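**Student:** Below is a structure I'd like to ask you about.
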Amino acid sequence: MPDRDVEEHKEEERPKWNNKAEYLLTCIGFAVGLGNVWRFPYLCQVYGGGAFLIPYLIALVFQGLPLLYLELAIGQRLRMGSIGVWNSISPYLGGLGIASMIVSFCIALFYNTIVAWVLWYLFNSFQEPLPWSQCPLNLDNTGFEEECVESTAVNYFWYRETLNITSNIETSGSLQWRLVVCLATAWCIVYICFIRGIETIGKAVYVTATFPYLVLTIFLVTALTLPGSAEGLTYLFTPDWEILKNPQVWLDAATQIFFSLSLGCGGLIAFSSYNNEKNDCERDAVIVGVINSATSIYASIPIFAILGFKAHTNWVTCLNGNILRLTNEFDISDTNITTENYDKWFDYLNETHAERVSELNLKTCRMQDFLDQSASGTGLAFIVFTEAVISMPASQVWAVLFFVMLFSLGLSSMFGNLEGVLTPLHDLKLVPKWMPKELFTAIICAICFLLALIFTMGSGNYWLEIFNGYVGSVPLLIIAFFEITAVVYIYGIRRFSDDLEFMTGRRPNIFWKACWLVISPLMLFVVLVAYVVVQAQTHPTYPAWNPQYETFPNTDVQPYPDLAFAVCVLLSSVPVISIPIVAIYRFICNVSTRRSLRKHSSRPNPYDNESYVIER
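Going by the UniProt record's numbering, the first residue of the sequence shown is number 1, and it counts up by one from there.
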């Protein structure tokens, strides 16, 4: 640990949060991100509804909260960014901070691209009608665009109007000017909020961290009144206990809580380093962790209520199409056949006129099938949900609210990602003394913008999925494993307990110690090994745009080419290569230094020679 004079010097130089509320809101905003809205509900739906909450809560208690507490505590005590923290604990761990910084940098690249997509949809949400509600006319104005007709208007607007996506990842395509403008706007907004560090971030989070909860509440109240909302919620929370026997459920639950809390990125360590040393970091960890998980559950309710409404609307549309064919074929009044008695009429006509009914090629309309069409990630935000909004009254208002909410979630998470890059660079004294902090931040944002232009190309969505899938997976698990073992077994659990007593006024209880010593490292190791084994069993694939497939886009699944597969491997390994490289470099330097000292000490001293003394 640094001596008292050094600590006092740091205390004078390092900025502090204006108040506790700004710090907590910033941490909550960083932890609560887009994944809480578009991945957690999807996992609940896929893995047995309410049954998924069991492994999820177990992972929260024994993996998420202990690691969150550890990061907040170590950053607050040492008052440095990720690189400075691990260098202070052991010079051999310097690569751990570099790994966190690289991961944060890579995440910031693609994460702000998603914010740019949200901005594009937000701008278009003010149009009447919504541009994704109907197919555009072709160049001859003689009909609709064939590509749009082959898929849907929502798919067409996302894949063609927004991304102008290529047929595969090997076809790069050109830069899309509209996405370039939106990306530049997104980075300008991030820079404005970041221009004076935590001073401006602390003010921005009052809006970005709280507004999503207001929108979610509005959606919740409205969604529960929509037809089909009950079916959506029943579908979400009906537990399937048998699915808990699937090991993949436990693996996804562990990774979801880990990535949702943004552990291992360095942002939480950086934020806590601006705290007063006497702050109760244990209480902060519990508050942030519980609010993050509660937000995931809370967001699932309006999301699946609206998806239930979408499924109900599609079900009614399907039935009405069949009813129209039956009434035309059998000259029956359309007032006699309704969606409520359709099954009875269909059974009756099928028994009495089976051949004529079969010739009509009626669609199979099952509510369960439409509910099964849920999606995660960008598919939920830009396809499924936008399609549901079309059928809602005052659709423009709901579209604006939804994308403003996503923008707030993405922006508050970007604060932590960028802080995980800037704070380590400042702590390493890599910023020239003559360069103002505002200028250095602008340079970093400009570099990120230029590198992220790859995501605005026709193949950009494919590359973004690669970054999203591989940067935030294995590297973060490895970083977190080294973090917890470094603090407990190198820094020392007793020493760490003394620090916690100094900061909070109490020593950690048996639960925290048991998690840090055994449970959390073991869980991280098991999850890491299981994740690598699962990934190694199959060659990674991706869905490619092909409007000729009726069930777009699930049927056009292609394996990644060699170049893309190599990038997947590099993104999983390069960020953490710095950990062994720095350790080996420090070891070699220490060995060389010791040999030099030993050689110097063994060299004969002429002044110790007795004959020399006599001659003198």
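Glycine included, C-beta positions come from ideal geometry on N, C-alpha and C. Bear in mind that the values here come from a model prediction, so they are computed numbers and not experimental data.
For T541, which of helix, strand or coil comes out of DSSP?
**Tutor:** The residue given as residue 541 occupies position 541 in the sequence shown. DSSP places T541 in strand when its eight states are reduced to three.
**Student:** Alpha carbon to alpha carbon, how far is A311 from K363? Give it in angstroms, no decimals.
**Tutor:** Reading the sequence shown from its first residue, position 363 is the one you call residue 363. Reading the sequence shown from its first residue, position 311 is the one you call residue 311. Roughly 15 Å between the two C-alpha positions.
**Student:** Are the Cβ atoms of C445 and W117 separated by less than 8 Å?
**Tutor:** As a working note, residue 445 is residue 445 in the sequence shown. As a working note, residue 117 is residue 117 in the sequence shown. No. Outside cutoff.
**Student:** Which residue comes first and which comes last in the alpha helix (DSSP H) that contains Q558?
**Tutor:** Within the sequence shown, residue 558 is the residue found at index 558, counting from 1. From DSSP, Q558 is part of no alpha helix (DSSP H) but of the beta strand (DSSP E) over 557–559.
**Student:** First and last residue of the alpha helix (DSSP H) that includes W187?
**Tutor:** Taking the first residue of the sequence shown as position 1, residue 187 is located at position 187. 177–194 is the span of the alpha helix (DSSP H), which, as asked, contains W187.
**Student:** Are the beta-carbon atoms of L477 and A388 separated by less than 8 Å?
**Tutor:** As a position in the sequence shown, residue 477 is number 477, starting the count at 1. As a position in the sequence shown, residue 388 is number 388, starting the count at 1. Cβ atoms of L477 and A388: not closer than 8 Å.
**Student:** Below 6 Å CB to CB, which residues in the same chain sit around L563 once its five sequence neighbours on both sides are set aside?
**Tutor:** Walking along the sequence shown from the start, residue 563 turns up at place 563. Closer than 6 Å at the Cβ level, and outside the excluded window around L563, lies no residue.
**Student:** Just list the alpha helix (DSSP H) runs in the segment 68–140, keeping only unbroken ones of 4 residues or longer that don't cross its boundaries, in chain order.
**Tutor:** Taking only runs of at least 4 residues, the alpha helix (DSSP H) segments lying wholly in the segment 68–140 are 82–89, 94–124.
**Student:** What does a CB cutoff of less than 6 Å around V474 pick up in its chain, not counting 5 residues either side in sequence?
**Tutor:** Counted from its first residue, the sequence shown places residue 474 at position 474. The residues are S572.
**Student:** Is A108 near V400, with beta carbons less than 8 Å apart?
**Tutor:** If you number the sequence shown from 1, residue 108 lands on position 108. If you number the sequence shown from 1, residue 400 lands on position 400. Not closer than 8 Å, so no.
**Student:** Go ahead and label residue 683 buried or exposed: buried means 16 or more other beta carbons lie within 10 angstroms of its beta carbon, across all protein chains shown.
**Tutor:** The structure shown does not extend to residue 683, since the chain is modelled only from 1 to 616, so the question has no answer here.
**Student:** Cutting at 7 Å between CB atoms, please list the residues of its own chain near G35, excluding the five before and the five after it.
**Tutor:** Your numbering for residue 35 matches position 35 in the sequence shown. Closer than 7 Å at Cβ, skipping near neighbours: F259, S260.
**Student:** Tell me which residue opens and which closes the alpha helix (DSSP H) that Q63 is part of.
**Tutor:** On the sequence shown, residue 63 is found 63 positions in, with the first residue counted as 1. First-last for Q63: undefined, no H or E at that position.
**Student:** Can you list, in chain order, the residues of its chain whose CB lies under 6 Å from that of T352, leaving out five sequence neighbours each side?
**Tutor:** The residue labelled residue 352 in the question sits at position 352 within the sequence shown. Closer than 6 Å at the Cβ level, and outside the excluded window around T352, lies no residue.
**Student:** Residues in its own chain within less than 6 Å of G232 by CB, not counting five upstream and five downstream?
**Tutor:** Residue 232 sits at position 232 when you count from the first residue of the sequence shown. Excluding residues within five positions, the ones whose Cβ falls inside 6 Å are F304, A305, L307, G308.
**Student:** Output the distance between the C-alpha atoms of L522 and F157, rounded to the nearest integer angstrom.
**Tutor:** If you number the sequence shown from 1, residue 522 lands on position 522. If you number the sequence shown from 1, residue 157 lands on position 157. Their backbone Cα atoms lie some 46 Å apart in a straight line.
**Student:** Helix, strand or coil: which one does DSSP assign to E550?
**Tutor:** Working through the sequence shown from its first residue, we reach residue 550 at position 550. Caution is warranted here: a pLDDT of 47 is assigned to E550, below 50, making its placement in the model unreliable, and the coordinate value is therefore given only provisionally. In this structure, E550 counts as coil in the three-state DSSP scheme.
**Student:** For my contact list, G173 and G267 are in at a C-beta cut-off of 8 Å; report their separation, rounded to the angstrom.
**Tutor:** Here the question's residue 173 lines up with position 173 in the sequence shown. Here the question's residue 267 lines up with position 267 in the sequence shown. 33 Å between Cβ atoms; not a contact.
**Student:** For V6, count the other beta carbons within 10 Å of its own beta carbon; 16 or more makes it buried, fewer makes it exposed. Which is it?
**Tutor:** Here residue 6 refers to the residue found at position 6 of the sequence shown. Bear in mind that the predicted position of V6 carries a pLDDT of just 42, short of 50, making it unreliable; the figure below should be weighed with that in mind. Exposed.
**Student:** To the nearest angstrom, report how far apart F385 and V591 are at their CA atoms.
**Tutor:** What you label residue 385 is simply residue 385 of the sequence shown in a count that begins at 1. What you label residue 591 is simply residue 591 of the sequence shown in a count that begins at 1. Their backbone Cα atoms lie some 60 Å apart in a straight line.
**Student:** Using a Cβ-Cβ cut-off of 6 Å (strictly less than) and excluding sequence neighbours within five positions of P553, which residues of its own chain qualify?
**Tutor:** As a position in the sequence shown, residue 553 is number 553, starting the count at 1. Unreliable positioning characterises P553 in this predicted model, as indicated by a pLDDT of 44, which lies under 50. A coordinate reading is not provided.
**Student:** Within the continuous alpha helix (DSSP H) that includes W512, where are the two ends?
**Tutor:** Here residue 512 refers to the residue found at position 512 of the sequence shown. Looking at the DSSP string, the run of the alpha helix (DSSP H) that includes W512 is 510–514.
**Student:** For G97, which residues from the same chain have a beta carbon less than 8 Å from its beta carbon, with the 5 sequence-adjacent residues on both sides left out?
**Tutor:** Position 97 of the sequence shown holds residue 97. If we look at G97 and ignore the five residues flanking it on each side, its Cβ neighbours are G81, S82, I83, G84, V85, W86, N87, G266, P424.
**Student:** Quick one, which of L517, S578, Y92 has its alpha-carbon nearest F587's?
**Tutor:** Along the sequence shown, read from residue 1 onward, the residue named residue 587 stands at position 587. The shortest C-alpha separation from F587 is found at Y92.
**Student:** Bridge partners of F144, per DSSP?
**Tutor:** Position 144 of the sequence shown, counted from the first residue, corresponds to residue 144. DSSP, once it has assigned bridges, lists L137 as partnering F144.
**Student:** Secondary structure at D372, three-state DSSP: helix, strand or coil?
**Tutor:** For the purposes of this step, residue 372 is taken as the residue at position 372 of the sequence shown. Three-state DSSP puts D372 in coil, outside helix and strand.
**Student:** Please classify E550: is it buried, with 16 or more other beta-carbons within 10 angstroms of its beta-carbon, or exposed?
**Tutor:** Mapped onto the sequence shown, residue 550 falls at position 550. The pLDDT assigned to E550 is 47, lower than 50, so where the model puts this residue is not dependable; a value taken from the coordinates is nonetheless given after this. With fewer than 16 Cβ atoms within 10 Å of its Cβ, E550 is classed as exposed.
**Student:** Under 7 Å Cβ to Cβ from A254, same chain only, skipping five residues before and after it: list those, please.
**Tutor:** Position 254 of the sequence shown, counted from the start, is the residue given in the question as residue 254. Once the five neighbours on either side are set aside, the close Cβ partners of A254 are A59, Q63, M523, V527.
**Student:** Evaluate H539 with the Cβ neighbour count: other Cβ atoms within 10 Å of its Cβ, from every protein chain shown; 16 or more gives buried, anything less gives exposed.
**Tutor:** What you label residue 539 is simply residue 539 of the sequence shown in a count that begins at 1. Label assigned to H539: exposed.
**Student:** Which residues in the same chain have their Cβ closer than 7 Å to the Cβ of I195, if we skip the five residues on either side of it in sequence?
**Tutor:** Within the sequence shown, the letter at position 195 stands for residue 195. Excluding residues within five positions, the ones whose Cβ falls inside 7 Å are E438, T441.
**Student:** Counting Cβ pairs closer than 8 Å, one from the segment 488–505 and one from the segment 25–34, do we hit at least three?
**Tutor:** No contact exists between the segment 488–505 and the segment 25–34.
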